[in-house]
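K.L.:
In order, the protein sequences belong to chains A and B. When the letters of the first sequence are read in order and numbered with my numbering, they come out as residues 1 to 223. When the letters of the second sequence are read in order and numbered with my numbering, they come out as residues 1 to 117.
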Amino acid sequence: MSEATLTETPTPDDDGVVETADHGTHIEYTDDHGHPETTTGLSNNKLGMWLFLGSECLLFGGLISTYMLYRGRHTGTPGPAQLWDIPLTSVSSFVLLMSSLTMVLAVSAAQQRDDRQTIVWLSVTALLGSTFVGAQVYEFTSFYHEGVGFTTSLFSSSFFTLTGFHGIHVTVGIILLMSLVGIISRSEVPGDKAEVVELIGLYWHFVDIVWIVIFTLVYLIPA
Amino acid sequence: MTTVDHTRHDAHHAPTGHASPDDIHVHKSTSFYVKVAAALALVTAVEVGLYYLDIGKLFLPALLILMVVKFVTVVSLFMHLRFDNRLFSWLFYSGLFLAVIVYLIALLTFRVFDPTT
Numbered sequence: 001m002s003e004a005t006l007t008e009t010p011t012p013d014d015d016g017v018v019e020t021a022d023h024g025t026h027i028e029y030t031d032d033h034g035h036p037e038t039t040t041g042l043s044n045n046k047l048g049m050w051l052f053l054g055s056e057c058l059l060f061g062g063l064i065s066t067y068m069l070y071r072g073r074h075t076g077t078p079g080p081a082q083l084w085d086i087p088l089t090s091v092s093s094f095v096l097l098m099s100s101l102t103m104v105l106a107v108s109a110a111q112q113r114d115d116r117q118t119i120v121w122l123s124v125t126a127l128l129g130s131t132f133v134g135a136q137v138y139e140f141t142s143f144y145h146e147g148v149g150f151t152t153s154l155f156s157s158s159f160f161t162l163t164g165f166h167g168i169h170v171t172v173g174i175i176l177l178m179s180l181v182g183i184i185s186r187s188e189v190p191g192d193k194a195e196v197v198e199l200i201g202l203y204w205h206f207v208d209i210v211w212i213v214i215f216t217l218v219y220l221i222p223a
Numbered sequence: 001m002t003t004v005d006h007t008r009h010d011a012h013h014a015p016t017g018h019a020s021p022d023d024i025h026v027h028k029s030t031s032f033y034v035k036v037a038a039a040l041a042l043v044t045a046v047e048v049g050l051y052y053l054d055i056g057k058l059f060l061p062a063l064l065i066l067m068v069v070k071f072v073t074v075v076s077l078f079m080h081l082r083f084d085n086r087l088f089s090w091l092f093y094s095g096l097f098l099a100v101i102v103y104l105i106a107l108l109t110f111r112v113f114d115p116t117t
């Protein structure tokens with residue numbers, strides 16, 4: 001159990017003038033990680049991340065619904081039954097699922113303040129994420145060679161939009177992970193390091209759960 | 001093994017006294033997470049197996065149930081929502097349920113689930 005620290009910080013008045021301690025001080029409570037306590041007692045950063053993820057459900061809900069609506073609209077062009085490579089997609093789904101394991105191990109290591117393990121697990125997560133994106137690029141390329149492009153049919157447009165948006169989210173996650181590895185290596189993480197890792201972890205797990213839904217609704221359930 | 005770290009928000013020192021005992025770091029052992037991941041991999045294998053097997057009318061509900069099981073497991077155990085403050089659950093699940101309800105209504109309007117259309 002650690003003690004919260006009490007710091008006295010001069011604050012500017014309406015004119016931007018900082019008064020001295022003689023004329024009044026602003027008393028700021030901080031926890032042992034140096035960020036201020038909030039009125040809810042919860043981290044505002046974490047609250048904001050969960051709110052963001054809740055709103056992302058609406059984005060992907062719209063994309064998945066659009067695909068469900070148009071998945072049968074491919075007259076004269078290849079459809080899901082001709083295109084899907086279930087073994088490949090199953091392996092890439094497994095890879096993304098395992099990246100959730102390595103991510104949660106990174107969060108656990110960060111909470112135990114083990115920087116070396118945190119960096120290792122974050123790097124492995126980024127590697128697994130890159131493998132998933134590579135498989136998706138391969139899949140898109142093979143569809144293109146079979147004559148299915150973005151504008152070929154309503155089915156292809158809705159499919160590429162949905163899985164493309166997900167792929168972009170994974171790519172952003174990889175960039176976040178690698179950036180985090182860089183700033184942890186330089187010990188330049190602002191604020192609570194464990195919380196920063198946890199926030200990026202929440203984003204990464206969200207990308208994984210979206211794929212859990214896409215894998216079942218788009219790939220496994222026939223049109 | 002579960003250990004609980006109360007270091008982040010100590011109610012005795014919070015200025016408003018609103019710090020929640022739920023807002024804590026939860027440390028579970030590596031073996032716990034590996035077991036959860038193995039279970040998730042097994043469920044994925046079952047899903048893929050069902051794709052190749054002919055189980056008739058049970059196919060769709062079985063796949064949907066397995067999907068929900070995987071989804072809830074990741075959210076509850078990997079994202080720690082089960083151990084975290086309930087406000088986070090409300091924020092996330094309200095967005096999720098809103099999305100499901102809105103888009104189910106939209107899809108029903110377009111008769112997506114009607115086999116005769």
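The beta-carbon is built from N, C-alpha and C at its ideal position, and this holds for glycine as well.
Kindly confirm or deny that the segment 160-167 of chain A and the segment 60-67 of chain A touch, where touching means at least three C-beta pairs closer than 8 Å.
P.N.:
Yes, the segment 160-167 of chain A is in contact with the segment 60-67 of chain A.
K.L.:
Entirely within the segment 50-81 of chain B and at least 4 residues each: give me those alpha helix (DSSP H) ranges in chain order.
P.N.:
59-73
K.L.:
Beta-carbon separation of A/Asp208 and A/Leu96 under 8 Å?
P.N.:
yes
K.L.:
Expressed to the nearest angstrom, what Euclidean distance is found between the alpha-carbon atoms of B/Val36 and B/Ala62?
P.N.:
20 Å
K.L.:
Distance, Cα to Cα, B/Phe32 vs B/Asn85?
P.N.:
21 Å
K.L.:
For A/Tyr138, which of A/Gln111, A/Val197 and A/Asp85 has the nearest alpha-carbon?
P.N.:
A/Asp85
K.L.:
What does DSSP give as the partner residue(s) for A/Thr46 in the beta ladder?
P.N.:
The sequence shown places Lys at residue 46 of chain A, rather than the Thr named in the question. DSSP lists no partner for A/Lys46.
K.L.:
Does the beta-carbon of B/Tyr52 have 16 or more other beta-carbons within 10 angstroms, so that it is buried, or is it exposed?
P.N.:
exposed
K.L.:
Is DSSP giving A/His74 helix, strand or coil here?
P.N.:
coil
K.L.:
Can you tell which of A/Val104, A/Gly147, A/Gln136 and A/Ser185 has the C-alpha that lies nearest to the C-alpha of A/Thr77?
P.N.:
A/Gly147
K.L.:
Which same chain residues, not among the five before or five after A/Leu105, have their C-beta less than 7 Å away from its C-beta?
P.N.:
Contacts found: Trp121.
K.L.:
Buried or exposed, going by whether 16 or more other CB atoms sit within 10 Å of the CB of B/Ile105?
P.N.:
exposed
K.L.:
Helix, strand or coil for A/Asp22, going by three-state DSSP, please let me know.
P.N.:
Any reading at A/Asp22 needs caution, since the residue's pLDDT is 44, under 50, leaving its predicted position unreliable; the model's value is listed next. Three-state DSSP puts A/Asp22 in coil, outside helix and strand.
K.L.:
Buried or exposed for B/Phe110, please, with buried defined as at least 16 other CB atoms from any protein chain shown within 10 angstroms of its CB.
P.N.:
exposed
K.L.:
Please report the straight-line C-alpha distance between B/Val112 and A/Leu69, rounded to a whole angstrom.
P.N.:
6 Å
K.L.:
Hey, how far is the Cα of A/Leu154 from the Cα of A/Ile183?
P.N.:
Cα-Cα distance, rounded: 43 Å.
K.L.:
Taking 8 Å as the threshold (beta carbon to beta carbon), is A/His205 in contact with chain B?
P.N.:
yes
K.L.:
Pair every Cβ in the segment 48-57 of chain A with every Cβ in the segment 186-204 of chain A, then say whether three or more of these pairs are closer than 8 Å.
P.N.:
The segment 48-57 of chain A makes contact with the segment 186-204 of chain A, as at least three CB pairs between them are under 8 Å.
K.L.:
Check distances from the C-beta atoms of the segment 49-67 of chain B to those of chain A and list, in chain order, the residues that come in under 9 Å.
P.N.:
Leu50, Tyr51, Tyr52, Phe59, Leu60, Leu63, Leu64, Leu66 and Met67
K.L.:
If distances are taken between C-alpha atoms only, which option among B/Leu108, B/Ala41 and B/Val46 comes closest to B/Thr73?
P.N.:
B/Ala41
K.L.:
Can you check whether the CB of B/Val75 is closer than 8 Å to the CB of B/Leu66?
P.N.:
no
K.L.:
For the segment 127-137 of chain A and the segment 87-101 of chain A, state whether three or more C-beta atom pairs, one from each stretch, are separated by less than 8 Å.
P.N.:
yes
K.L.:
Quick check: is the beta carbon of B/Leu108 nearer than 8 Å to any beta carbon in chain A?
P.N.:
False, the Cβ-Cβ gap to chain A never drops below 8 Å.
K.L.:
How would you call B/Phe92, buried or exposed, if buried means at least 16 neighbouring beta carbons within 10 angstroms?
P.N.:
buried
K.L.:
Could you list which residues in chain B have their beta carbon closer than 8 Å to that of A/Met98, in chain order?
P.N.:
Ala37 and Ala41
K.L.:
Anything in chain B within Cβ reach of A/Leu51, meaning under 7 Å, just list it in chain order.
P.N.:
Leu91
K.L.:
Quick check on A/Val213 - is its C-beta less than 8 Å from some C-beta in chain B?
P.N.:
It does: the Cβ of A/Val213 has a partner Cβ on chain B nearer than 8 Å.
K.L.:
Contact criterion: CB-CB distance below 8 Å. Does B/Val46 meet it with respect to chain A?
P.N.:
no
K.L.:
Starting from A/Val104, find everything on chain B with Cβ-Cβ shorter than 7 Å and list it in chain order.
P.N.:
Tyr33 and Phe78
K.L.:
What's the gap between the Cα of B/Val46 and the Cα of B/Val68?
P.N.:
Annotation: B/Val46 to B/Val68 spans about 14 Å, alpha carbon to alpha carbon.
K.L.:
From A/Ser99 to B/Leu107, what does the alpha carbon distance come to, in whole angstroms?
P.N.:
32 Å
K.L.:
Which residues of chain B have a Cβ atom closer than 8 Å to the Cβ of A/Leu202, listed in chain order?
P.N.:
Neighbours of A/Leu202 across chain B, judged by C-beta separation under 8 Å: Met79.
K.L.:
Using a Cβ-Cβ distance cut-off of 8 Å, determine whether B/Phe83 contacts chain A.
P.N.:
No, B/Phe83 does not count as interfacial toward chain A.
K.L.:
Using a Cβ-Cβ cut-off of 7 Å (strictly less than) and excluding sequence neighbours within five positions of B/Leu77, which residues of its own chain qualify?
P.N.:
Beyond the five residues adjoining it in sequence on each side, B/Leu77 comes within less than 7 Å, by CB distance, of Val36 in the same chain, given in chain order.
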